[in-house]
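K.L.:
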Amino acid sequence: MSVLPLMGDLSSTAITPDERELLSERRLAGVCLFGRNVQDRYQLADYLAEARSLAGDDLIVAIDQEGGGVLRVLDVPFPPPAMALGAADDVALTEAVASATGRALAGIGINLDFAPVADVNSNPLNPVIGDRSFGADPTLVGRHVAAFVRGLQSAGVGATLKHFPGHGDTSLDSHLALPTVERSLDDLRRTELPPFQAGFGAGAAAVMSAHIVLPALEADLPATLSRRALHDLLRTELGYGGLAITDALDMKAVSERFDPGTAAVMALRAGADLPLTLGPLAVQRRALGAIEGAVAAGELDAGEYATTLGRIASFARRFPARPAGRSYGTGGETAGELADYATMAEATRRGLVAVGELPRLAPGDRIALIATTAVRANAASQLSARPADGLVSELERRGVYVERIHLTWGETADVTPGLGGMNPLPDAVVYVSTSRTRVADGEVASALRAAEWARYAGVPFVHVALWNPYSAAVVPGPALLAFGYRGSAPQAVVDALLGRPVTGKLPVPLTARA
């Protein structure tokens with residue numbers, strides 16, 4: 127059968143018989159990978175080789191390997207959060223990070239990364255973008271978007287700018303609801319669109335649409351399904367000719383309003399090339415059937431449909447899958463592979479930001495460390511680790527004695543008895559915020575009590591914002607912003623606490639807008 131303009135997904139780390147049939151008989155144009163598909167890079171390379179043996183070598187394989195909290199493959203060099211790269215603000219470094227990311231993905235057989243995020247994070251309470259954005263300034267975001275595109279694509283992996291026409295000023299998560307962005311077209315052109323234009327100028331292979339309503343464009347439909355957004359604005363005004371992919375159509379912003387087949391056809395009619403239809407195979411088959419039916423009934427413009435198929439084929443030719451069999455994680459890394467790890471570590475270190483004068487710890491110090499016991503993430507992140515654990519381990523490895531006071535997310539705890547019961551008093555109090563989204567009121571109250579106790583006791587206090595930088599706006603005192611906790615972040619944070627200079631600059635204003 128002919129390739130149809132649809133991207134689906136697979137259920138696990140092994141291709142099931144029904145999935146084999148779908149791949150071989152229906153010829154999805156592409157599949158999107160998630161953490162559930164990945165044991166390690168070796169299994170994944172074999173998995174993708176099997177998928178392409180069924181669907182053809184031109185199968186597009188996509189993944190969300192943004193960096194920070196949004197990662198799917200962990201046994202390769204992976205980027206720090208985009209906001210850390212914005213804090214370092216070195217476009218050559220961003221390009222090097224993206225190139226290393228591309229080498230890792232291409233070596234497995236992945237030829238499309240759903241990165242970089244081109245959203246301008248202008249809302250501190252944005253529940254889904256945050257550290258995934260390079261910052262709050264359109265010019266800064268634009269130059270790093272362009273650098274990431276250049277680096278990723280130089281390694282043979284297509285870049286995807288997301289989430290068009292801009293998801294940075296929302297206060298709702300489109301995985302869970304349909305956000306509305308009340309911006310005029312002039313505001314959109316001034317703030318949201320410049321980073322996308324920078325990415326287009328760098329040759330970005332793809333763009334992903336946002337499930338947001340922009341009344342200035344169309345009041346009743348999310349941009350994903352809006353012809354005014356994807357055809358009139360993206361194709362005509364901005365002149366973009368690459369692949370247009372929707373965000374996942376199973377997200378509640380769309381799925382609570384339209385069935386999968388209807389949504390896929392509406393997206394194609396709006397100007398998308400690849401509706402991203404996720405879920406059970408029955409759902410994907412319904413979407414494929416709906417597209418076939420719409421083509422047969424003449425419900426899709428024949429010329430536009432042919433152009434869509436041409437874009438899909440052009441992408442496959444431009445970014446052919448050529449797995450390189452790289453040796454990450456085997457202990458036998460080449461010099462080039464070790465250099466990629468070093469690049470990620472350098473970017474993580476240079477992306478740290480100090481707010482105020484940090485107290486300096488030393489080996490042999492005994493500190494009180496206050497942190498929640500679990501990560502507070504969101505639907506875009508696939509996380510299970512407890513962020514503060516890595517930091518505690520690294521502090522202890524470096525000779526700092528840690529007495530930990532545990533907080534429960536969302537609850538207020540009186541930490542002063544635990545602090546006052548330390549004899550002798552600690553050399554410092556370190557409060558670690560670990561939430562991906564805003565810090566809960568109860569945790570803020572606990573942190574404020576800790577800061578007040580430290581001030582009265584004459585003990586240095588420091589807040590380590592291990593994920594959400596805006597946490598530093600609601601907790602007084604000096605703060606170290608890390609933007610994320612994975613990879614080499616614990617080592618970089620401990621280096622800074624032990625006195626290594628911190629050179630990053632704030633890429634967002636520290637406000638706690640309600």
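Residue numbers (the numbering used here): 127 to 640. Glycine included, each C-beta is placed from N, C-alpha and C at the ideal position.
Nearest by alpha-carbon distance to Arg229: which of Val199, Pro207, Ser248 and Gly256 is it?
P.N.:
With distances taken between Cα atoms, Arg229 lies closest to Val199.
K.L.:
Please state whether the Cβ-Cβ distance between Ala355 and Pro291 is less than 8 Å.
P.N.:
It is a contact, given that the beta carbons lie within the stated cut-off.
K.L.:
Let me confirm a value: Ser510 is counted as buried when at least 16 other C-beta atoms fall within 10 Å, else exposed. Which label applies?
P.N.:
Low confidence applies to Ser510: its pLDDT is 49, below 50, so where it sits in the model is not reliable, and the reading given next is rough at best. When all chains shown are included, Ser510 counts as exposed.
K.L.:
What residues are listed by DSSP as bridge partners for Trp287?
P.N.:
The sequence given here has Leu at residue 287, not Trp. Leu287 is bridged to Val333.
K.L.:
Taking the beta carbon of Glu522 as the centre, do at least 16 other beta carbons fall within 10 Å, making it buried, or is it exposed?
P.N.:
With fewer than 16 Cβ atoms within 10 Å of its Cβ, Glu522 is classed as exposed.
K.L.:
In the DSSP assignment, what residue or residues form a beta bridge with Phe441?
P.N.:
Beta-bridge pairing links Phe441 to no other residue.
K.L.:
Spatial neighbours of Asn594 within its chain, please: CB distance less than 8 Å, with the 5 preceding and 5 following residues excluded, ordered by chain position.
P.N.:
Taken in chain order, the residues that qualify are Gly256, Asp257, Ser559, Ser561, Arg562, Thr563, Arg564 and Val565.
K.L.:
Tell me which residue opens and which closes the alpha helix (DSSP H) that Ala210 is part of.
P.N.:
Element bounds for Ala210: Ala208 to Ala214.
K.L.:
Could you say which of Gly367, Ala599 and His337 lies nearest to Lys378 if we only look at CA atoms?
P.N.:
The shortest C-alpha separation from Lys378 is found at His337.
K.L.:
Is it right to say Asn549 is buried, meaning 16 or more other beta carbons lie within 10 angstroms of its own, or is it exposed?
P.N.:
Exposed, since its Cβ has fewer than 16 Cβ neighbours within 10 Å.
K.L.:
Let me confirm a value: Asp312 is counted as buried when at least 16 other C-beta atoms fall within 10 Å, else exposed. Which label applies?
P.N.:
Label assigned to Asp312: exposed.
K.L.:
Report the rounded CA-to-CA distance for Pro131 versus Asn163, giving the unit in angstroms.
P.N.:
Going from the Cα of Pro131 to the Cα of Asn163 covers about 22 Å.
K.L.:
Going by CA-CA distance only, name the one from Val590, Tyr596, Val283 and Tyr557 that's closest to Ala577.
P.N.:
For Ala577, the nearest C-alpha among the options comes from Tyr557.
K.L.:
Tell me the rounded alpha-carbon separation between Thr227 and Asp144.
P.N.:
Each residue's alpha carbon lies about 32 Å from the other.
K.L.:
Between which residues of its own chain and Ser138 is the CB-CB distance below 8 Å, once the five residues before and five after are set aside?
P.N.:
Within the same chain, Ser138 has close Cβ partners Arg162 and Asn163.
K.L.:
Can you give me the C-alpha to C-alpha distance between Ala175 and Gly544, rounded to a whole angstrom?
P.N.:
Looking at the two C-alpha atoms, the distance is approximately 55 Å.
K.L.:
Would you mind sorting Thr637 into buried or exposed? The rule is 16 or more other CB atoms within 10 Å of its CB.
P.N.:
Classification of Thr637: exposed, given that the 10 Å Cβ count is below 16.
K.L.:
What does a CB cutoff of less than 7 Å around Ser310 pick up in its chain, not counting 5 residues either side in sequence?
P.N.:
If we look at Ser310 and ignore the five residues flanking it on each side, its Cβ neighbours are Ala342.
K.L.:
Per the contact definition of three or more C-beta pairs closer than 8 Å, is the stretch 510-519 in contact with the stretch 234-250?
P.N.:
As far as the Cβ criterion goes, the stretch 234-250 does not touch the stretch 510-519, which means the pair count is below three.
K.L.:
Assuming contact is defined by CB atoms lying nearer than 8 Å, are Val590 and Pro604 in contact in what I supplied?
P.N.:
The answer is no: Cβ separation not under 8 Å.
K.L.:
According to the neighbour-count rule (16 or more other Cβ atoms, all chains shown, within 10 Å of its Cβ), is Ala210 buried or exposed?
P.N.:
Burial call: buried.
K.L.:
Does DSSP classify Ala328 as helix, strand or coil?
P.N.:
Correct three-state label for Ala328: coil.
K.L.:
Helix, strand or coil: which one does DSSP assign to Gly368?
P.N.:
Coil at Gly368, not helix or strand.
K.L.:
Could you please give the first and the last residue of the uninterrupted beta strand (DSSP E) stretch that includes Pro401?
P.N.:
That run of the beta strand (DSSP E) goes Leu400 to Leu402.
K.L.:
Suppose the cutoff is 7 Å on Cβ atoms and the five residues either side in sequence are ignored; what does the same chain contact list for Thr629 look like?
P.N.:
Within the same chain, Thr629 has close Cβ partners Arg476.
K.L.:
Count the other CB atoms, across all protein chains shown, that sit within 10 Å of the CB of Gln323; report buried if there are 16 or more and exposed otherwise.
P.N.:
Buried, because 16 or more other Cβ atoms sit within 10 Å of the Cβ of Gln323.
K.L.:
In chain order, what are the residue ranges of uninterrupted beta strand (DSSP E) at least 3 long that sit wholly in the stretch 582-611?
P.N.:
Here the runs fully enclosed are 587-591 and 605-607.
K.L.:
In the DSSP assignment, what are the bridge partners of His532?
P.N.:
Ala497.
K.L.:
Give the DSSP-derived three-state secondary structure of Gly228 in the structure shown.
P.N.:
In this structure, Gly228 counts as helix in the three-state DSSP scheme.
K.L.:
Within a Cβ cutoff of 6 Å, which residues of the same chain sit near Asp295, ignoring the five residues on either side of it in sequence?
P.N.:
Cβ within range, chain order: Ser248, Asn249 and Val307.
K.L.:
Of all the options Ala224, Pro203, Ala171 and Arg361, which has the alpha carbon lying nearest to the alpha carbon of Glu463?
P.N.:
Residue Pro203 is the option with its Cα nearest to Glu463.
K.L.:
Looking at the secondary structure, which residues open and close the alpha helix (DSSP H) in which Asp670 lies?
P.N.:
There is no way to answer for residue 670, as the model of the chain reaches only from 127 to 640.
K.L.:
Going by beta-carbon coordinates alone, are Ala278 and Ala224 separated by less than 8 Å?
P.N.:
Residue 278 is actually Leu in this sequence, not Ala. Against a cut-off of 8 Å, the Cβ pair of Ala224 and Leu278 comes out as a contact.
K.L.:
Please report the straight-line C-alpha distance between Arg153 and Val129, rounded to a whole angstrom.
P.N.:
Cα to Cα, the separation comes out at about 5 Å.
K.L.:
Closest to Ala232 by CA distance: which of Ala285, Phe160, His270 and Thr265 is it?
P.N.:
Among Ala285, Phe160, His270 and Thr265, the Cα nearest to that of Ala232 belongs to Ala285.
K.L.:
Quick check: what's the CA-CA separation for Arg530 versus Ile496?
P.N.:
In a straight line, the C-alpha of Arg530 is about 6 Å away from that of Ile496.
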